[in-house]
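These notes are about the structure you will find just below.
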RNA sequence: UGAGGUGUAGCUCAAUUGGCAGAGCACCUGACUCUGAAUCAGGCGGUUCGAGGUUCAAGUCCUCGCACCUCAACCA
């Protein structure tokens, strides 16, 4: 099992840590639950890395479960490809390979349990009726006429459904929850439907099949899952997940579902439906076409599994819907291949270069390193006076900064000799036929004995021995950054040149390359041997190009900063004269409109604040305390039965006004008040919240200043923002009890005393 | 129009729970180089979605807005 570096942020990891620390679980069990109805793609890789990776990190297990509850879409072909892909990615489920179908009996029992508890019923509505009665997002649904069917009758009907007595669609089993729920998922969702279909695993044993929401959480429970991670679109389904688990006799501790954002990669698609369409309509050559974002496609293209894992680790896991730039993935592929891929030389558009002064009939067996840094050995590239070089590596009229061949310019043939072109042979159209060059025979290996510098190095291939090959220049499948966006048909956005094929000639060592082997073709890119390649007909797929800053510089698109920030400046709704009048009671005594509004919105709060004023508090203090701090302390709790009254608020206000309490102390008291009532004065005593005065603060400030001399100096130098940092340190050290105003004054005073310019004056 | 989510640098994410707004990638510059690659160093880049409020101090707390995503399959 491979553990990823786990450097990026991942809130799921934090979540597990918290659960483990709190003792909610004594081990971690996650699961990866694909539906076997398609091939895994790069988006799944994120989920695989999250589930398997996290389990491994915490010493737990991750199960692999085929979520096969819909026999009409699923197939054994997919089950096998899914396993292959996960294994190839580097993960191992051990003996924990399961199928939701393995739990059909158990799920059936849970369903009966729900019917027995009158929490489910057999419904005879048609598909259309059910849809119509579900209501809309703003209107409640209406109950099925079968909603109150007696338990015994539902039990009987359900048994007969299972026995195969009804036709497809005739009946369903529905959970009895709430037809008026604002969460549409809760409006009596179906649990079982009748499907007389052959299941890839259970054959014809079952004429009824459970639906995702019912099956999923309960399957998690059966497997002892602790953390069930899924994508954001299931957030509304969580209520159902919880409902089924809470209302059945499932294992405890129970699993909980958490959602994260699925991976969206620019320039590609990860919709199963659309990928399937690409395959079935022959827009690509299959699920493992090297242009496909499927795991098998990436594998065929030559992307190493480590690159995918590192990529998933780098992008992290969050709940923000986001689009990852394809460049990030490509960069991760380069990083991995750069480290591991042996180097070879291949020429795509060859021009013969003849060394006219090469000693007749001699062959130099040059040894070239397979990798610039890693120790991957060497291979022999024989040189006999004639080589192929790239046509594009020669220029008659070199631009500024040119580092390649040109008449009279000395250039290095990589790992071989320094050469200078003297003569260019052309046909009548001016096309170059051959380059004639001389070489420095003393520069064998690539360095001149006199140490002269040569700017350019180009790759080459001996004319003999060499091999010809086809290079599939795999590029982006789509021509636009966000295919299928808006009304666009994604098929219209396919890149017509997504995989041009070029012939090339390569060094002889390439003949023995086996399918899957990946190389860096120097100065060109990373290529892997295709699955269909043979020694007679070599085929390479480009896994990724090399970065090319030269090409970038020459085509330099004048890129303007598109500061297209659509910022609709919406002014805060100005209160009407009418509203202002209603608020006047508060605003007249100096309370802000916002706070006044807040109080007016809740009669209990308004009364409480006025009671506090009646009990002697300053109106503004009472309003702020209730309108801001109390609301915060309430944290969504109702204001109906507060265990304290206006007198408590008044007393709190005075405690704050007279300097007994600082803001933090005030909040602590308020929290206590909300929980269990009581008298503020007594709470302050009990929790010892009295803030620290100047005398008690002096030593603390001295210590803080001593511990942070650099920050102190910067503050002395005029960086006033450091006061926040240093004051924060003081607060931390005093457990939040320092009087911030006093502390601030003392801090400024001390710093001023250490200021170099005033040091003389400050002396005793 | 209901419910559930999400808004921090061009992109992806942090920010010790109220205390100096940072990192990686991208981009630019320089160094180095037998791959115009890699590597190394530096730099640019901020209305923390907006407007208010509370506080000594707000990305963080409160209020009101805005934008985007998901949900009305007997799919998952």
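In the numbering used here, the protein residues as written are 1 to 764.
All residues carry an ideal CB built from backbone N, CA and C; glycine is no exception.
In whole angstroms, what is the alpha-carbon distance linking residue i and residue j?
i: residue 719; j: residue 137; result: 54 angstroms
i: residue 24; j: residue 647; result: 41 angstroms
i: residue 373; j: residue 77; result: 42 angstroms
i: residue 616; j: residue 609; result: 11 angstroms
i: residue 454; j: residue 425; result: 25 angstroms
i: residue 49; j: residue 295; result: 13 angstroms
i: residue 619; j: residue 651; result: 13 angstroms
i: residue 65; j: residue 81; result: 14 angstroms
i: residue 47; j: residue 32; result: 7 angstroms
i: residue 607; j: residue 685; result: 28 angstroms
i: residue 149; j: residue 271; result: 41 angstroms
i: residue 750; j: residue 697; result: 12 angstroms
i: residue 814; j: residue 204; result: Coverage of the chain is limited to positions 1 through 764, which leaves residue 814 absent and any answer about it impossible.
i: residue 753; j: residue 722; result: 16 angstroms
i: residue 680; j: residue 673; result: 8 angstroms
i: residue 53; j: residue 353; result: 52 angstroms
Secondary structure at residue i, three-state DSSP: helix, strand or coil?
i: residue 9; result: coil
i: residue 328; result: helix
i: residue 304; result: coil
i: residue 311; result: helix
i: residue 283; result: coil
i: residue 749; result: helix
i: residue 257; result: strand
i: residue 422; result: strand
i: residue 99; result: strand
i: residue 709; result: helix
i: residue 524; result: coil
i: residue 342; result: coil
i: residue 209; result: strand
i: residue 182; result: coil
i: residue 493; result: helix
i: residue 86; result: helix
i: residue 662; result: coil
i: residue 536; result: coil
i: residue 72; result: coil
i: residue 177; result: coil
i: residue 57; result: helix
Could you give the C-beta distance for residue i and residue j, rounded to a whole number, given that I count them as a contact under 8 angstroms?
i: residue 342; j: residue 519; result: 6 angstroms
i: residue 115; j: residue 155; result: 5 angstroms
i: residue 318; j: residue 9; result: 7 angstroms
i: residue 542; j: residue 527; result: 5 angstroms
i: residue 291; j: residue 474; result: 6 angstroms
i: residue 366; j: residue 381; result: 5 angstroms
i: residue 421; j: residue 405; result: 5 angstroms
i: residue 417; j: residue 440; result: 6 angstroms
i: residue 491; j: residue 200; result: Actually they are not in contact, since the Cβ atoms of residue 491 and residue 200 sit about 30 angstroms apart, beyond 8 angstroms.
i: residue 390; j: residue 447; result: That belief does not hold up - the Cβ atoms of residue 390 and residue 447 are roughly 22 angstroms apart, past 8 angstroms.
Given residue i, which residues of its chain have a CB within under 6 angstroms of its CB, disregarding the five upstream and five downstream residues?
i: residue 621; result: 653
i: residue 465; result: 508
i: residue 736; result: 664
i: residue 224; result: 29
i: residue 18; result: none
i: residue 232; result: 259 and 261
i: residue 483; result: 269, 490 and 493
At which residues does the beta strand (DSSP E) containing residue i begin and terminate?
i: residue 354; result: 350–355
i: residue 366; result: 364–369
For the alpha helix (DSSP H) containing residue i, name the first residue and the last one.
i: residue 106; result: 104–116
i: residue 471; result: It is not in any alpha helix (DSSP H) - residue 471 instead sits in the beta strand (DSSP E) that spans 466–472.
i: residue 132; result: 127–133
i: residue 680; result: 680–686
i: residue 729; result: 722–733
i: residue 632; result: 631–634
i: residue 505; result: Run containing residue 505: none in the alpha helix (DSSP H); it sits in the beta strand (DSSP E), 501–507.
i: residue 153; result: 151–163
i: residue 597; result: 593–600
Looking only at its own chain, which residues have a Cβ that is under 8 angstroms from the Cβ of residue i, when we skip the five neighbours before and after it?
i: residue 11; result: 260, 317, 318 and 319
i: residue 218; result: 103, 106, 107, 110, 244, 245, 248 and 250
i: residue 164; result: 196 and 207
i: residue 510; result: 344, 346, 467, 469, 519 and 538
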